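Data first, discussion second: the structure below is written as structure tokens.
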Amino acid sequence: LLVISAGRNTLRVIPPLNITREELDEGLEILEEAVAKVDRIRRSRRE
223 LLVISAGRNT
233 LRVIPPLNIT
243 REELDEGLEI
253 LEEAVAKVDR
263 IRRSRRE
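Its first residue numbered 223, the sequence shown is counted upward by one per residue in the working numbering.
Laid out in structure tokens, this is it:
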């Protein structure tokens with residue numbers, strides 16, 4: 223799973239053509255957790 227930036231607030235997700243649904247779900251779950259962690263860190267620094 224390739225993830226690249228596409229602007230300041232955008233990520234492009236480029237999965238291989240032969241990715242399974244399970245692999246895609248797992249990759250997106252990992253990405254969601256990472257984004258949530260970064261968001262928590264950024265919010266805590268504002269306080």
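Glycine included, every Cβ here is placed at the ideal spot set by N, Cα and C. The structure displayed is predicted, hence computed values, not measured ones.
Beta bridge counterpart(s) of residue i as assigned by DSSP
i	result
S266	Paired residue(s): none; S266 is not in a bridge.
L224	I236
Close-in-space but distant-in-sequence residues of the same chain around residue i (CB under 8 Å, 5 per side omitted)
i	result
V225	L233, R234, V235, I236, L253
L239	none
R243	none
Rounded C-alpha distance that separates residue i from residue j
i	j	result
R267	D247	31 Å
V257	R264	11 Å
Residue i (DSSP reduced to helix, strand or coil)
i	result
G229	coil
I252	helix
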